[in-house]
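There are 2 protein chains.
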Amino acid sequence: MKAFYGDLRLGILGGGQLGRMLIQQAINYNVTIKVLDPDREAPCRRLCNEFIVGSLSDYETVYNFGKKVDMLTIEIEKVNVDALEQLEKEGVVVYPQSRIIRLIQDKGLQKQFFKENEIPTAEFQIISSAQQLKESQFPFPYIQKLRRDGYDGKGVYKVLDESYLAGAFTEPSLVERMIDFEKEIAVIVARNENGEVKTFPLVEMEFNPQANLVEFLISPSTLPFEVQQEAESIAKKIAETLNIVGLLAVEMFLDKNGQILVNELAPRPHNSGHQSIEGNVVSQFEQHLRAIFNQPLGETACLSNAIMVNVLGEAGYEGPAVYQGIEKILKCAGVYVHLYGKALTKPFRKMGHVTIIDNDREKAIEKARYVQETLKVIA
Amino acid sequence: MKAFYGDLRLGILGGGQLGRMLIQQAINYNVTIKVLDPDREAPCRRLCNEFIVGSLSDYETVYNFGKKVDMLTIEIEKVNVDALEQLEKEGVVVYPQSRIIRLIQDKGLQKQFFKENEIPTAEFQIISSAQQLKESQFPFPYIQKLRRDGYDGKGVYKVLDESYLAGAFTEPSLVERMIDFEKEIAVIVARNENGEVKTFPLVEMEFNPQANLVEFLISPSTLPFEVQQEAESIAKKIAETLNIVGLLAVEMFLDKNGQILVNELAPRPHNSGHQSIEGNVVSQFEQHLRAIFNQPLGETACLSNAIMVNVLGEAGYEGPAVYQGIEKILKCAGVYVHLYGKALTKPFRKMGHVTIIDNDREKAIEKARYVQETLKVIA
């Protein structure tokens, strides 16, 4: 095996912000990095040894890219898995493994995996056609999710009663009981080739009930110790059952009865782990590198309270981004700005994030609200 | 003025590890960066928007490079200052200002500046020739330093008695009383255009008496509060007297009588501030960016004890670098590896650094010794 600091050529499928922050960390280890992304203006374009513009879903493109590296990883699941399988057969190391990406690409297979392995999750049914949906006796209200390619709220449809059926997806999907949840929570877990497994402490998402949007991510959680233990042990169980190598983000609901239900998996660094850059002993990006390079996993303990605020493009603005209020928020101690290198803003586009660190949790939340009110991405 | 996050083109003179870590931080602000360095394999080569190979001491090269950017900064002082002066006249912002770089390039002018401004420093005399050195009545033993181009111990000669005079430098130099110091200490201070000034807490260098080398940098200092206050106020006074915009590293001696004497200045990020990446609320690199972009300076308080160990090429090895022991040190919690992207090692070449964070100071020092014994750069 080539040494990870230099000789080894790491390919990243996807050149977005997750790849960008992964590279920022990989610089510390001299990792030689090639990136494939369809967008020639992708956030990683200037930060790697080679940036290749090409489709992530095209077999030939992914295969040819993979032949030029020793190890492949992803920062987005929507990639051509057939090419990855072939590359694995030909000796390219693919972490996370192609079979895991294939499983996670399909929300139907993901749910079946949960069921088979007794991972708690909302009741569901696999639906192959509009006809089958109508015939299903699944109790209203429920959520319909496309099996493939859903992303950031896309591919999700609420079926409150029979009258909603007309607008439902006709593609392969699954229907799922609507969870009246108390809280959205997440655990990031890592596993290396040696089988070492480590979780990051549980984080909570704070909802804005008016906008029905995740406003903040708060780390660490103040939920009861048993809930934290339970969530972390579910994440560990999934990582071990999958035998994943790399990072796995496990998004969960805590329902009103205090039961944890797994919502979705992402086999890569994830929005719910950004606060770890400043808030934990190692960041999720460092941990992903350690996992895929089969290095000892890092200590994940929280250093402080950390709140992560997504910086989204303001509604009504489209064009070259202007970051209004940045000077004001830099006046606050413990405020860390991460812009993603996207030249153009559009409504709700993820343009960056800000992490707020404070030993006083209430103060951290107060600062986070100030950041959210003050920093606006306009054009 | 263009916005620093994107429109503004920042040029960095020098593409070494200091530039590399500055870029790692600047990524968070989308800064458009061009780098000039004579070495086509310099650490920054893959991390900037444009990397230009060229001499830093050649007027035309520096001038032409500067004409393509809106703002220039440095990561090494040895640059053509005449070109910077001309660029300033033509409207390019140069931070730190060319007059400060000119002053600091010349150890004779530096010492005179200290004297004129009542900054405590070791007694000295400016020497222009071998003849003048012989005729000087400067009391033995003393140190002779070349006025220009000394670096990392080069350009320094000990004159213990008359018999040493034969080997002395004949170029313009200064002679300086040999300080019997208790400790080498340093303060990094930043000043922005608005005149805001902030110091980082005092750090100490731990000497290995056998090797006569700085082994560790320890942050924060545990010297008496008055010493810390005094050192920080000296650093502030220098930054304010110079009206510098940017970062200034102030290296000092604490002598056996408890007196602080300023040794040397560096108007840029500095080896004595690397621990700030993990050990302080903001890092020296973030602070330098905030200073030159006239943003509010960041909070500099220490988050924890931090020890910085330089990772030097092992004596006796030259060639493609191998980092022996890296897996072992990654097993320790709170150990942060920073490699500088140099393909080839040679004896004592700075190949990287490791920062160790621990709330228990003794434990941090123990871990630092372990890192130093364990991590070896061989070929």
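Note that the protein sequences, when read in sequence, are chains A and B. Per UniProt numbering, residue 1 is the first one in the first sequence, and the count goes up by one each step. Per UniProt numbering, residue 1 is the first one in the second sequence, and the count goes up by one each step. Each residue gets a CB set at the ideal place from its N, CA and C atoms; glycine is no exception.
Asked: Within 7 Å, strictly: CB atoms of residue 206 (chain A) and residue 218 (chain A); Found: yes
Asked: Test: residue 5 (chain B) CB closer than 7 Å to a CB of chain A; Found: yes
Asked: Within-7 Å CB hit, residue 372 (chain B) to chain A; Found: no
Asked: Straight-line Cα distance separating residue 50 (chain A) from residue 35 (chain A); Found: 6 Å
Asked: Three-way DSSP call (helix, strand, coil) for residue 253 (chain B) in this model; Found: strand
Asked: Burial state of residue 91 (chain A) (16 or more Cβ within 10 Å); Found: exposed
Asked: Beta bridge counterpart(s) of residue 144 (chain B) as assigned by DSSP; Found: B:157, B:175
Asked: Where residue 268 (chain A) falls, given that 16 or more other Cβ within 10 Å makes a residue buried; Found: buried
Asked: As assigned by DSSP and simplified to three states, the class of residue 202 (chain A); Found: coil
Asked: Bounding residues of the beta strand (DSSP E) (the contiguous stretch that carries residue 338 (chain B)); Found: 335–339
Asked: Members of the region 42–60 of chain B near chain A, C-beta cut-off 8 Å; Found: 46, 47, 48, 49
Asked: C-beta contact flag for residue 310 (chain B) and residue 338 (chain B) at 7 Å; Found: no
Asked: Closest Cα partner of residue 247 (chain A) within the set A:375, A:121, A:292; Found: A:292
Asked: CB contact check: residue 190 (chain A) to chain B, cutoff 7 Å; Found: no
Asked: 4 or more residues per run - each alpha helix (DSSP H) lying fully within the region 309–363 of chain A; Found: 326–330
Asked: Reference residue 148 (chain B), options B:2, B:67, B:78, closest by Cα; Found: B:78
Asked: CB-CB length for residue 344 (chain A) against residue 321 (chain A), believed under 8 Å; Found: 7 Å
Asked: Under the three-state DSSP convention, the category residue 61 (chain B) falls into; Found: helix
Asked: Chain-ordered residues of the region 25–37 of chain B with a beta carbon less than 7 Å from chain A; Found: 27, 28, 29, 30
Asked: Own chain partners of residue 371 (chain B) with C-beta closer than 8 Å, once the 5 adjacent residues on each side are dropped; Found: 309, 329, 332, 335, 354, 356
Asked: Where the alpha helix (DSSP H) through residue 103 (chain A) begins and ends; Found: 98–105
Asked: Residues sharing a beta bridge with residue 136 (chain B), DSSP; Found: Bridge partners of residue 136 (chain B): none, in fact.
Asked: Candidates A:119, A:177, A:112: closest to residue 136 (chain A) by CA position; Found: A:177
Asked: Boundaries (first-last residue) of the beta strand (DSSP E) holding residue 52 (chain B); Found: 50–53
Asked: Integer Cβ distance of residue 197 (chain A) from residue 236 (chain A), believed to fall under 8 Å; Found: 5 Å
Asked: Per-residue DSSP class, three states only, for residue 189 (chain B); Found: strand
Asked: For residue 293 (chain B), three-class secondary structure by DSSP; Found: coil
Asked: Residue 422 (chain A) versus A:143, A:161, A:163, A:160, residue with shortest Cα-Cα distance; Found: Coverage of chain A is limited to positions 1 through 379, which leaves residue 422 (chain A) absent and any answer about it impossible.
Asked: Close beta carbons around residue 266 (chain B), own chain, < 6 Å, minus the five adjacent residues each side; Found: 249
Asked: Span separating the alpha-carbon of residue 31 (chain A) from that of residue 363 (chain B); Found: 30 Å
Asked: Neighbourhood of residue 159 (chain B) by C-beta distance below 8 Å, restricted to the same chain and skipping five residues each side; Found: 140, 141, 142, 143, 144, 165, 168, 175
Asked: Cβ-Cβ separation, residue 125 (chain A) to residue 350 (chain A) (assumed contact under 8 Å), whole Å; Found: Not confirmed; about 32 Å, so no contact.
Asked: Beta-carbon proximity list for residue 439 (chain B), same chain, < 6 Å, skipping 5 on both sides; Found: Past the edges of chain B, shown from 1 to 379, lies residue 439 (chain B), and the structure says nothing about it.
Asked: Residue range of the unbroken beta strand (DSSP E) whose run includes residue 73 (chain B); Found: 71–74
Asked: Local Cβ density within 10 Å of residue 243 (chain B), reported as buried at 16 or more and exposed below that; Found: exposed
Asked: Where the alpha helix (DSSP H) containing residue 230 (chain B) begins and where it ends; Found: 225–242
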